[in-house]
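In this note's numbering, the protein residues as written are 113 to 552. Yeah, the Cβ is synthetic: ideal placement off N, Cα and C, and Gly gets one too. For clarity, every value in this text was computed on a predicted model and none was experimentally measured.
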Ligand code: XLS
Ligand code: CA
Ligand code: CA
């Protein structure tokens, strides 16, 4: 088999003092942090679309990426070459998992049947390579947004033929995810949203979307697919208003249609910030509702209002993200999928490695800091103290449901002095900084 990244050897941990850009400074896969090895905490995955198929096209110009497999012309041969490159990259980066859309790994044919045949061929090859390199599928998904047939949406299209095609495509994608031992299956509602209510029947679109998800649940049961179903929220882009706006919106939708026990949430950092939240907020909302399923690890640019999908290099964010993940007792069977792309000007093949190393090190560092913060209990103790009025006295009566308005009115009338304490935000932010700077 051809070697695509012949000038790069296996990336290993060299520690924070290393000046070798092709080494891990913080990610030490076998190092034990708390009760698990780093690699078990982090469960890193390669995103096939950004890494193997994206070419750097933007609205102002064509692709810029130099990819050693791009000299192959035949679309099936190209798909095979990309797949070989994918496994070489995972092997050299020591990443155990990958994620893909059906259309990332195999080209569309002239009919649905031909498309499925193409997919079957590449899935068979993928299975071989997974065995050879000992790699696993974190999640599969269906690309129901790129093809022009999805112009009005997929599961929320006004066109019933498109709804039927979507169902057929997702059926096949679940089958191949099962075939490859996928641990999860993701639903990202690519074009499930709207531009204007002047031409939209929102109620029917949402009912239909729920029907599609129910069909997926039923079919998974029928074929014995036991992977976790995940919904990935996003507030905007490509449509102006995406139905799966954020975690809270998705939860309300799932509960309305009685689908909640079948789905968890795949939180993407850049989607959280587009929704006006922090990454930590979305992870936290998912965690306290027991639906934190998996993470798309990336970051947006605070100065740009779109989905830039950058590799995560902000230690503050990864620290607080890992804090939520540790409090969740991990995210398995989910993982940290780098749904991230190199910048258009980072077009050399080596940049892929440098970008993954940056992201992996940033999360590894975040994991170590978050673990220390939790072990020392600095933030937790402060929160416990802040809410201590609910542990005894009238607070306990409220929490235990022993009092109503009348009892509380009596209490308030007799309680002449209310005294509050400072929330100490700046002190806490400074403590987090201290933990980040002190960790070696
Ligand atoms: C796009 C989404 C997409 C999903 C998978 O913004 O992030 O890549 O993760 O369809
Ligand atoms: Ca994503
Ligand atoms: Ca994104």
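For residue i, which three-state DSSP category applies?
{"i": "residue 459", "result": "coil"}
{"i": "residue 319", "result": "helix"}
{"i": "residue 449", "result": "strand"}
{"i": "residue 306", "result": "strand"}
{"i": "residue 518", "result": "helix"}
{"i": "residue 333", "result": "helix"}
{"i": "residue 404", "result": "strand"}
{"i": "residue 365", "result": "helix"}
{"i": "residue 353", "result": "strand"}
{"i": "residue 397", "result": "helix"}
{"i": "residue 435", "result": "helix"}
{"i": "residue 117", "result": "coil"}
{"i": "residue 157", "result": "strand"}
{"i": "residue 549", "result": "helix"}
{"i": "residue 415", "result": "coil"}
{"i": "residue 465", "result": "helix"}
{"i": "residue 428", "result": "helix"}
{"i": "residue 299", "result": "strand"}
{"i": "residue 149", "result": "strand"}
{"i": "residue 486", "result": "helix"}
{"i": "residue 125", "result": "strand"}
{"i": "residue 511", "result": "helix"}
{"i": "residue 371", "result": "coil"}
{"i": "residue 380", "result": "strand"}
{"i": "residue 544", "result": "helix"}
{"i": "residue 475", "result": "helix"}
{"i": "residue 481", "result": "helix"}
{"i": "residue 423", "result": "coil"}
Which residues in the same chain have their Cβ closer than 7 angstroms to the Cβ of residue i, if we skip the five residues on either side of it in sequence?
{"i": "residue 421", "result": "162, 382, 410, 451, 452 and 453"}
{"i": "residue 195", "result": "217, 234, 237, 238 and 241"}
{"i": "residue 397", "result": "359 and 360"}
{"i": "residue 491", "result": "485 and 540"}
{"i": "residue 129", "result": "none"}
{"i": "residue 202", "result": "158, 210, 245 and 247"}
{"i": "residue 459", "result": "168, 176, 177 and 178"}
{"i": "residue 193", "result": "181 and 184"}
{"i": "residue 389", "result": "358"}
{"i": "residue 113", "result": "196"}
{"i": "residue 279", "result": "324 and 327"}
Just to confirm before moving on: does the CB-CB distance between residue i and residue j stay below 7 angstroms?
{"i": "residue 445", "j": "residue 295", "result": "yes"}
{"i": "residue 476", "j": "residue 150", "result": "yes"}
{"i": "residue 215", "j": "residue 255", "result": "yes"}
{"i": "residue 431", "j": "residue 482", "result": "yes"}
{"i": "residue 480", "j": "residue 551", "result": "yes"}
{"i": "residue 211", "j": "residue 258", "result": "no"}
{"i": "residue 329", "j": "residue 345", "result": "no"}
{"i": "residue 379", "j": "residue 366", "result": "no"}
{"i": "residue 116", "j": "residue 229", "result": "no"}
{"i": "residue 377", "j": "residue 417", "result": "no"}
{"i": "residue 448", "j": "residue 154", "result": "yes"}
{"i": "residue 548", "j": "residue 427", "result": "yes"}
{"i": "residue 140", "j": "residue 125", "result": "yes"}
{"i": "residue 375", "j": "residue 337", "result": "no"}
{"i": "residue 502", "j": "residue 511", "result": "yes"}
{"i": "residue 137", "j": "residue 429", "result": "no"}
{"i": "residue 399", "j": "residue 440", "result": "yes"}
{"i": "residue 324", "j": "residue 371", "result": "no"}
{"i": "residue 225", "j": "residue 286", "result": "no"}
{"i": "residue 414", "j": "residue 387", "result": "no"}
{"i": "residue 164", "j": "residue 198", "result": "yes"}
{"i": "residue 462", "j": "residue 392", "result": "no"}
{"i": "residue 434", "j": "residue 478", "result": "yes"}
Leaving out five residues on either side along the sequence, give the residues of the same chain with a beta carbon under 6 angstroms from the beta carbon of residue i.
{"i": "residue 412", "result": "382, 385 and 420"}
{"i": "residue 253", "result": "213 and 298"}
{"i": "residue 506", "result": "523"}
{"i": "residue 468", "result": "205"}
{"i": "residue 566", "result": "Beyond the ends of the chain as shown, which are 113 and 552, falls residue 566; an answer cannot be given."}
{"i": "residue 369", "result": "322"}
{"i": "residue 220", "result": "227"}
Beta-carbon within less than 8 angstroms of residue i's beta-carbon, same chain only, minus the 5 sequence neighbours each way: which residues are those?
{"i": "residue 292", "result": "235, 238, 239, 242, 249 and 252"}
{"i": "residue 304", "result": "265, 266, 267, 268, 317, 321, 351, 354, 355 and 356"}
{"i": "residue 273", "result": "none"}
{"i": "residue 123", "result": "134, 135, 136, 204, 205, 206, 465 and 469"}
{"i": "residue 314", "result": "306"}
For review: beta carbons within less than 5 angstroms of any heavy atom in ligand 3:
With the cut-off at 5 angstroms, the residues found are 382, 419 and 421.
Just to confirm the assignment: which complete alpha helix (DSSP H) runs, minimum length 4, are found wholly within the stretch 164-229?
187-205 and 214-217, all fully within the stretch 164-229.
Write down every uninterrupted run of the alpha helix (DSSP H) in the stretch 222-297 whose length is 4 residues or greater and which is fully enclosed by it, in chain order.
As far as the stretch 222-297 is concerned, its whole alpha helix (DSSP H) runs of at least 4 residues are 224-245 and 272-291.
What residues come near ligand 2, if near means a beta carbon less than 5 angstroms from any of its heavy atoms?
In chain order, the residues with a C-beta atom nearer than 5 angstroms to some heavy atom of ligand 2 are 380, 408 and 451.
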